[in-house]
Amino acid sequence: MSSKVSTTGPLYCGELARLSGVSADTVRFYERRNLLLPAARTSAGYRVFSPNSLARMRMIRAGLSIGFSVTELADIFSERNSGGAPCHRVRKLAAEKLAVLEERLRELQSWRRELRSTLAAWDRILAKTPRGKQARLLENFKTHPKTHARHLGRGIQKRGEL
(Lines of atoms letter the chains of each structure in order from A and count residues from 1; the text may use other names and numbers.)
(Lines give C-alpha, C1' and ligand atoms only; values in the text may rest on other atoms or scores of the structure.)
Protein backbone atom coordinates (compact mmCIF):
# COMPACT_ATOMS: atom_id res chain seq x y z
CA MET A 1 0.00 0.00 0.00
CA SER A 2 1.37 3.42 -0.96
CA SER A 3 1.89 6.10 1.71
CA LYS A 4 0.99 8.76 -0.84
CA VAL A 5 -2.38 10.39 -0.36
CA SER A 6 -4.28 11.58 -3.38
CA THR A 7 -5.16 15.24 -3.12
CA THR A 8 -7.76 15.00 -5.86
CA GLY A 9 -10.21 13.18 -3.62
CA PRO A 10 -11.63 13.85 -0.19
CA LEU A 11 -9.18 14.05 2.71
CA TYR A 12 -9.73 12.75 6.20
CA CYS A 13 -8.80 15.14 8.97
CA GLY A 14 -5.57 13.28 9.76
CA GLU A 15 -4.54 13.23 6.10
CA LEU A 16 -5.18 16.94 5.73
CA ALA A 17 -3.22 17.57 8.92
CA ARG A 18 -0.25 15.48 7.78
CA LEU A 19 -0.14 17.05 4.33
CA SER A 20 -0.36 20.52 5.90
CA GLY A 21 2.27 19.89 8.55
CA VAL A 22 -0.07 20.50 11.49
CA SER A 23 -1.90 18.35 14.00
CA ALA A 24 -5.44 17.04 13.56
CA ASP A 25 -6.38 19.24 16.54
CA THR A 26 -5.18 22.26 14.57
CA VAL A 27 -7.32 21.26 11.58
CA ARG A 28 -10.35 20.92 13.86
CA PHE A 29 -9.55 24.29 15.48
CA TYR A 30 -9.37 25.97 12.06
CA GLU A 31 -12.69 24.40 11.13
CA ARG A 32 -14.31 25.64 14.37
CA ARG A 33 -12.93 29.14 13.75
CA ASN A 34 -14.37 29.09 10.19
CA LEU A 35 -11.00 29.19 8.47
CA LEU A 36 -11.89 25.94 6.74
CA LEU A 37 -15.25 25.17 5.23
CA PRO A 38 -17.16 22.69 7.37
CA ALA A 39 -16.13 19.11 6.68
CA ALA A 40 -18.57 16.51 5.50
CA ARG A 41 -18.99 13.56 7.84
CA THR A 42 -18.83 9.89 7.07
CA SER A 43 -21.49 7.58 8.47
CA ALA A 44 -19.00 6.82 11.26
CA GLY A 45 -18.65 10.56 12.03
CA TYR A 46 -15.18 11.10 10.57
CA ARG A 47 -14.47 14.50 9.08
CA VAL A 48 -13.88 14.46 5.34
CA PHE A 49 -12.49 17.63 3.76
CA SER A 50 -12.53 18.60 0.11
CA PRO A 51 -9.22 18.57 -1.79
CA ASN A 52 -9.44 22.41 -1.87
CA SER A 53 -8.93 22.36 1.89
CA LEU A 54 -5.24 21.63 1.40
CA ALA A 55 -4.77 24.87 -0.56
CA ARG A 56 -6.78 26.70 2.13
CA MET A 57 -4.54 25.22 4.82
CA ARG A 58 -1.50 26.51 2.96
CA MET A 59 -3.08 29.99 2.79
CA ILE A 60 -3.87 29.88 6.50
CA ARG A 61 -0.33 28.88 7.42
CA ALA A 62 1.13 31.54 5.12
CA GLY A 63 -1.17 34.21 6.54
CA LEU A 64 -0.34 33.29 10.12
CA SER A 65 3.38 33.26 9.32
CA ILE A 66 3.31 36.91 8.23
CA GLY A 67 1.30 38.06 11.23
CA PHE A 68 -2.37 37.75 10.34
CA SER A 69 -4.46 36.60 13.28
CA VAL A 70 -6.87 33.69 13.17
CA THR A 71 -9.72 36.17 13.58
CA GLU A 72 -8.51 38.35 10.70
CA LEU A 73 -8.17 35.33 8.45
CA ALA A 74 -11.62 34.05 9.45
CA ASP A 75 -13.14 37.43 8.54
CA ILE A 76 -11.28 37.52 5.22
CA PHE A 77 -12.28 33.95 4.32
CA SER A 78 -15.88 34.61 5.37
CA GLU A 79 -16.05 37.57 2.99
CA ARG A 80 -14.38 35.51 0.28
CA ASN A 81 -16.71 32.51 0.86
CA SER A 82 -19.75 34.75 0.46
CA GLY A 83 -18.52 35.99 -2.92
CA GLY A 84 -16.77 39.15 -1.74
CA ALA A 85 -13.34 40.39 -2.74
CA PRO A 86 -11.40 41.26 0.42
CA CYS A 87 -8.20 42.00 -1.54
CA HIS A 88 -7.91 45.68 -0.58
CA ARG A 89 -8.57 44.81 3.05
CA VAL A 90 -5.89 42.10 2.94
CA ARG A 91 -3.45 44.60 1.43
CA LYS A 92 -4.28 47.18 4.11
CA LEU A 93 -3.84 44.67 6.94
CA ALA A 94 -0.49 43.53 5.51
CA ALA A 95 0.66 47.15 5.23
CA GLU A 96 -0.30 47.72 8.89
CA LYS A 97 1.67 44.64 9.90
CA LEU A 98 4.68 45.90 7.98
CA ALA A 99 4.45 49.29 9.73
CA VAL A 100 4.37 47.57 13.14
CA LEU A 101 7.30 45.36 12.16
CA GLU A 102 9.35 48.33 10.95
CA GLU A 103 8.66 50.20 14.20
CA ARG A 104 9.69 47.13 16.17
CA LEU A 105 12.91 46.90 14.13
CA ARG A 106 13.67 50.56 14.88
CA GLU A 107 13.16 49.86 18.58
CA LEU A 108 15.39 46.79 18.43
CA GLN A 109 18.13 48.74 16.63
CA SER A 110 17.91 51.45 19.28
CA TRP A 111 18.12 48.86 22.06
CA ARG A 112 21.08 47.22 20.33
CA ARG A 113 22.93 50.57 20.23
CA GLU A 114 22.13 51.17 23.91
CA LEU A 115 23.26 47.69 24.91
CA ARG A 116 26.52 48.05 22.98
CA SER A 117 27.11 51.38 24.71
CA THR A 118 26.28 49.86 28.09
CA LEU A 119 28.65 46.95 27.50
CA ALA A 120 31.45 49.35 26.55
CA ALA A 121 30.81 51.37 29.73
CA TRP A 122 30.76 48.18 31.80
CA ASP A 123 34.06 47.10 30.26
CA ARG A 124 35.58 50.41 31.41
CA ILE A 125 34.15 49.91 34.91
CA LEU A 126 35.34 46.31 35.09
CA ALA A 127 38.82 47.32 33.98
CA LYS A 128 39.00 49.68 37.02
CA THR A 129 37.40 47.24 39.48
CA PRO A 130 39.79 45.09 41.52
CA ARG A 131 39.36 41.34 41.03
CA GLY A 132 36.86 39.90 43.49
CA LYS A 133 35.17 43.27 44.15
CA GLN A 134 31.65 44.11 43.05
CA ALA A 135 31.47 46.44 40.09
CA ARG A 136 27.73 47.11 40.68
CA LEU A 137 27.00 46.91 36.96
CA LEU A 138 23.22 46.70 37.26
CA GLU A 139 23.15 49.93 39.24
CA ASN A 140 24.74 51.60 36.20
CA PHE A 141 22.35 50.03 33.73
CA LYS A 142 20.08 52.39 31.82
CA THR A 143 16.63 51.00 31.14
CA HIS A 144 15.22 51.81 27.74
CA PRO A 145 12.07 53.91 28.42
CA LYS A 146 9.82 51.86 26.11
CA THR A 147 11.13 48.58 27.51
CA HIS A 148 10.63 49.76 31.06
CA ALA A 149 7.07 50.91 30.38
CA ARG A 150 6.24 47.72 28.48
CA HIS A 151 7.56 45.49 31.28
CA LEU A 152 5.83 47.49 33.99
CA GLY A 153 2.60 47.37 32.00
CA ARG A 154 2.76 43.58 31.88
CA GLY A 155 3.78 43.28 35.50
CA ILE A 156 7.00 41.52 34.50
CA GLN A 157 9.38 43.94 36.12
CA LYS A 158 8.56 44.93 39.67
CA ARG A 159 10.13 47.53 41.89
CA GLY A 160 13.30 46.19 43.42
CA GLU A 161 13.33 43.07 41.20
CA LEU A 162 16.87 43.76 40.02
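Using our numbering, the letters of the sequence shown correspond one by one to residues 1 to 162. Cβ atoms here follow ideal geometry from the backbone N, Cα and C, with glycine treated the same way.
Closest to residue i by CA distance: which of the options is it?
i	options	result
Leu35	Ala99, Thr71, Thr129, Ala127	Thr71
His141	His88, Arg116, Phe49	Before going further, note that residue 141 is Phe rather than His in the sequence given. Of the candidates His88, Arg116, Phe49, the one whose C-alpha sits nearest the C-alpha of Phe141 is Arg116.
Arg33	Ile60, Val100, Glu139, Thr118	Ile60
Thr90	Pro130, Arg131, Ala62, Tyr12	In the sequence as displayed, the identity of residue 90 is Val instead of Thr. Closest by alpha carbon: Ala62.
Ser20	Arg58, Gly9, Pro51	Arg58
Pro51	Leu64, Leu101, Ser78, Tyr12	Tyr12
Leu119	Ser78, Ala99, Leu138, Ala95	Leu138
Leu64	Lys97, Glu79, Arg80, Ser78	Lys97
Could you have a look at residue i and say whether DSSP puts it in helix, strand or coil?
i	result
Arg33	coil
Ala40	strand
Leu16	helix
Leu138	helix
Leu162	Only weak support is given to the placement of Leu162: the predicted model assigns it a pLDDT of 37, under 50, and the question is left unresolved by the model.
In the DSSP assignment, the beta strand (DSSP E) including residue i goes from what residue to what residue?
i	result
Phe49	47-49
Could you pull the start and end residues of the alpha helix (DSSP H) that residue i belongs to?
i	result
Ala62	52-65
Thr118	87-128
Ser78	70-81
Using 10 angstroms around the beta-carbon of residue i, count the other beta-carbons present and answer buried if the total reaches 16, otherwise exposed.
i	result
Leu105	exposed
Gln109	exposed
Ala17	buried
Ile125	exposed
Ala39	buried
Lys158	Here Lys158 scores only 41 on pLDDT, less than 50, and its place in the model should not be relied on; the value that follows carries that caveat. When all chains shown are included, Lys158 counts as exposed.
Ser43	exposed
Leu93	buried
Glu103	exposed
Ser23	exposed
For the ligand GDP, any of its heavy atoms closer than 7 Å to the Cβ of residue i?
i	result
Ser78	Among the ligands in the structure shown, none appear at all, so the ligand GDP cannot be discussed.
When you compare the region 43-50 with the region 11-29, are there three or more beta-carbon pairs, one atom per stretch, that lie closer than 8 Å? Yes, the region 43-50 is in contact with the region 11-29.
Taking 8 Å as the threshold, find out whether the region 61-69 comes into contact with the region 79-88 through three or more Cβ pairs. No, they do not touch.
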